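Note sheet for the following structure.
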Amino acid sequence: MQIRREIRVTGIVQGVGFRPYVFRLAIERGLTGNICNTSAGVTIEIQGPADMVEEFSAQLPAGAPPLARILGLRIQDLPCNGDEEFRIAGSHAGEAVRTLISPDVAVCDDCLAELFDPANRRHLYPFINCTNCGPRFTIVRDIPYDRPRTSMAVFPMCGDCRAEYETPRDRRFHAQPSACWKCGPQLELWDTQGKSLKCPDPVKEAAARLHRGEVVAVKGLGGFHLAADATIATAVELLRRRKHRFGKPLAVMVPDLEAAEFFCEIEPQAKDALASHRRPIVLLPRKPGVAIAEGVAPGQHDLGLFLPYTPLHHLLFAAGQFPALVMTSGNLSEEPIAIDNCEAAARLTGIADAFLVHNREILLRCDDSVVKPIAGCVRQFRRSRGFVPEPLELHKEVPPILAVGGELKNTICLTRGREAFLSQHIGDLENSEGLDFFHEAVEHLQRILEIRPEIIAYDLHIGYLSTQWALAQSGVRLAGVQHHHAHIASCMAENGIDGKVIGLALDGTGYGSDGAVWGGEALVTGYDGFERAGHFGYVPLPGGAAAIREPWRMGVSYLAHTFGADFLGLGIPFTNKLDRQKTETLLQMMKRRVNSPLTSSCGRLFDGVAAVIGLRETVEYEAQAAMELESAALAAPKDAGAYPFSLTREGNAWQIGVRPLFEAIAEDLRKHIRVETISLRFHQGLVEILSRLAERLREDFSLQRICLSGGTFQNQILLTNLLQNLEANGFQVFTHTQVPAGDGGLSLGQALVASSMAPA
Ligand code: ZN
Ligand code: ZN
Ligand code: FE
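The sequence shown begins at 1351 in my numbering and counts up by one.
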């Protein structure tokens, strides 16, 4: 018996080889009908013997191409007609196209095989791609996703490429960025003046220079990388010095999984993350004694590894046989990554010795993503290339909202129905370059997603450039959202929960509702509001921002808070080494409340502890002291014990006191206990006091659900042990996996809070 069916598929099903896949599926079963792109995805009409149509329907989601993401399948019966073949129909015109653009994808195995096949017409062609792989998000100017609206528009296809493009059975059917030696983009090697070096093989020449210890800027998918041989200490040092990037760890690209396993401990989950087509940087525990230069990640337990993801990366490794290359963002410290050839040559002059460039324009900056497996899940530290612009699914419908994030590690978020689109990593909004990128991202994302926001959500900190931008907009509703409320809402949103929860929001800095600098907060929250139910006790932040760069100031603040004026006589190395004059000035500042706002920050507590135990007096990048404290604790023997904190009720809120902590630390320092042990005891103490606080709040509010958010939860010891403790205590614990726990995930929470706020 013949039947006919209509199947409507929604999700990422355009530009990912879905139509040729369906075409093959149909003709292999002798079925007739058609497939076309629609506003919501694709619609298939399929006709033939009932058992075959049944089999087709069952196989459809199961064998879908790797990049497709099916979010919905709606099936209905139709009357049969006289179709004699299966056709790929054009797009339905007249409808607003609202499909999803795929993230950029690592080169696939089929293309790699062709790349290194001397008989293939794309042998060694650095821009080989197909419907299953290649650039997407970063080459899209506008929608719908078609070649004329990408940066491939300037490369008319040759006859061979066009034939593939038009053949439904071909792997390159409708592969918009498809190209070859004859018709596509080409590589060049430039000198420091931006002049093309006439060399027969730019890749070989670049590899030779890397071998000599030079720094080469390499144009990638979402921006330039600065490359150096990771095994040559002088090359790494040169790169750091020129880039003005001193302590911050550098990412390392290795040729394959085998090389990755040589350098780091890799569990199966981490292996999957490394090898996935998203190709994030994966933070992994490094093995001792490997040949990576010490300067790559000084003081760090982990190494950030990733695998080649463009054909050019593979060619570079093949040409140079490198065991490992530093591949760090092509920028000066803290500026956005460079994407344009001339811009790169200008901005990176003085850093790179040569530029490996090409003429396929990058339309949108997109840094590498960073993940780390912690407590059984791969966690996002920086959600960017390979993930963006894939939407996060919301548990409810929300109005169109633009949330503009915070100040550091900024991302923005746009919502559409039940989808939330988190932008790529925009970075720190502290200078005009950062702000320009922010403007670009706001404009571009709104265009390709066709979203006109009705509400703009922003952080309450009036000093943030994102907040200032939001407040200058007109014709939309504005919604200010408290920083830590947004963190917890972000965790709730990605876990699809509603109602009230206990939220622990731990981070460095957030504008508090009482004017203090918050950062160690226990909130009882829903999307529609929050109550501050507990926090770390206030201490002065002497010098404001200066105290963030100079943890020794926090050391002094906590010791003065704990021991009063007597702390100078503690007889520990930290106090013995203090500059008397500077310390006296600091104490006066705090006493007179000059430029010394009060803070409950957990990040500053890490800084203070790191300073007092002699680990770090000043930092070169955000969270450096905390990361080094964590690395030290990871090197300690297990079961070190835990430091005490106090927990008292002050007014309506619980307060965690740090006096017992610093008394115990001072005691241990006098006993010459190892820094590693002290670090672990501090971490364990935090785990215990936070667990106790959670229990009090469970009693007070009769809540079982608890959300953990804020940058401090990127700390693997804290997250792993607290999660375990709380679960053992019967809590239902929600953590971040899809969006960063840090400020990179803030905009998602802002959007959800704004969606619940009544118009003022
Ligand atoms: Zn491919
Ligand atoms: Zn061609
Ligand atoms: Fe934060």
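C-beta atoms are modelled at their ideal positions from N, C-alpha and C, and glycine is treated no differently. Since we're looking at a predicted model, the values are computed, not measured.
Coarse secondary structure for residue i, derived from DSSP in three states
i, result
"residue 2094", "helix"
"residue 1704", "strand"
"residue 1351", "coil"
"residue 1366", "coil"
"residue 1409", "helix"
"residue 1510", "helix"
"residue 1866", "coil"
"residue 1861", "strand"
"residue 1923", "helix"
"residue 1443", "Any reading at residue 1443 needs caution, since the residue's pLDDT is 49, under 50, leaving its predicted position unreliable; the model's value is listed next. In this structure, residue 1443 counts as coil in the three-state DSSP scheme."
"residue 1834", "helix"
"residue 1636", "strand"
"residue 1698", "coil"
"residue 1722", "strand"
"residue 1627", "coil"
"residue 1992", "coil"
"residue 2120", "The question about residue 2120 has no answer, for the chain in this structure spans 1351 to 2110."
"residue 2107", "coil"
"residue 1495", "coil"
"residue 1584", "helix"
"residue 1652", "strand"
"residue 2008", "coil"
Residues near residue i in its chain [Cβ-Cβ closer than 8 Å; skip 5 each side]
i, result
"residue 1533", "1505, 1506, 1507, 1508, 1511"
"residue 1968", "1899, 1900, 1901, 1902"
"residue 2077", "2083"
"residue 1851", "1838, 1842, 1874, 1875, 1876, 2053, 2055, 2056, 2057, 2084"
"residue 1811", "1756, 1757, 1817, 1833, 1860, 1861"
"residue 1992", "2031, 2034, 2035, 2037, 2038"
C-beta atoms of residue i and residue j nearer than 9 Å
i, j, result
"residue 1673", "residue 1604", "yes"
"residue 1379", "residue 1351", "no"
"residue 1942", "residue 1904", "no"
"residue 1761", "residue 1748", "no"
"residue 1750", "residue 1865", "no"
"residue 1637", "residue 1612", "yes"
"residue 1775", "residue 1703", "no"
"residue 1732", "residue 2086", "no"
"residue 1834", "residue 1853", "yes"
"residue 1809", "residue 1860", "yes"
"residue 1536", "residue 1502", "no"
"residue 1576", "residue 1670", "no"
"residue 1600", "residue 1646", "yes"
"residue 1641", "residue 1624", "no"
"residue 1456", "residue 1658", "yes"
"residue 1960", "residue 1978", "yes"
Contact belief for residue i with residue j at Cβ below 8 Å, rounded distance in angstroms
i, j, result
"residue 1634", "residue 1620", "6 Å"
"residue 1791", "residue 1816", "Contact doesn't hold; Cβ gap of about 11 Å is too wide."
"residue 1370", "residue 1518", "5 Å"
"residue 1589", "residue 1721", "With a Cβ gap of about 24 Å, residue 1589 and residue 1721 do not count as contacting."
"residue 1844", "residue 2043", "The Cβ separation is near 23 Å, so there is no contact."
"residue 1928", "residue 2025", "About 18 Å separates the two Cβ atoms, so there is no contact after all."
"residue 1768", "residue 1700", "48 Å between Cβ atoms; not a contact."
"residue 1346", "residue 1399", "This structure does not reach residue 1346, given that the chain is present from 1351 up to 2110, and the question cannot be answered."
"residue 1741", "residue 1410", "Their Cβ separation, rounded to whole angstroms, is 22 Å, which puts residue 1741 and residue 1410 out of contact at 8 Å."
Residues of its chain near residue i, where Cβ-Cβ distance is below 7 Å and the 5 sequence neighbours each way are ignored
i, result
"residue 2033", "1983, 2067, 2068"
"residue 1443", "Here the model assigns residue 1443 a pLDDT of 49, short of 50, so the residue's position is not dependable and the matter cannot be decided."
"residue 1663", "1603"
"residue 1530", "1471, 1472, 1475, 1508, 1510, 1511"
Own chain partners of residue i with C-beta closer than 6 Å, once the 5 adjacent residues on each side are dropped
i, result
"residue 1585", "1563, 1578, 1579"
"residue 1358", "1393, 1424"
"residue 1516", "none"
"residue 1520", "1514"
"residue 1615", "1635"
"residue 1360", "1390, 1391, 1421, 1422"
"residue 1907", "1889, 1890, 1892"
"residue 1384", "1395, 1437, 1439"
9 Å Cβ cutoff, residue i in contact with chain B
i, result
"residue 1543", "In the structure shown, chain B cannot be found, because there is only a single protein chain."
Neighbouring residues (CB closer than 5 Å to any heavy atom of ligand 1): 1458, 1461, 1480, 1482, 1483
What residues does ligand 3 have around it, judged by CB closer than 6 Å to any heavy atom, in chain order? 1833, 1837, 1857, 1860, 2060, 2061, 2093
Check your reading: residues with Cβ closer than 5 Å to ligand 2 heavy atoms: 1508, 1511, 1530, 1532, 1533
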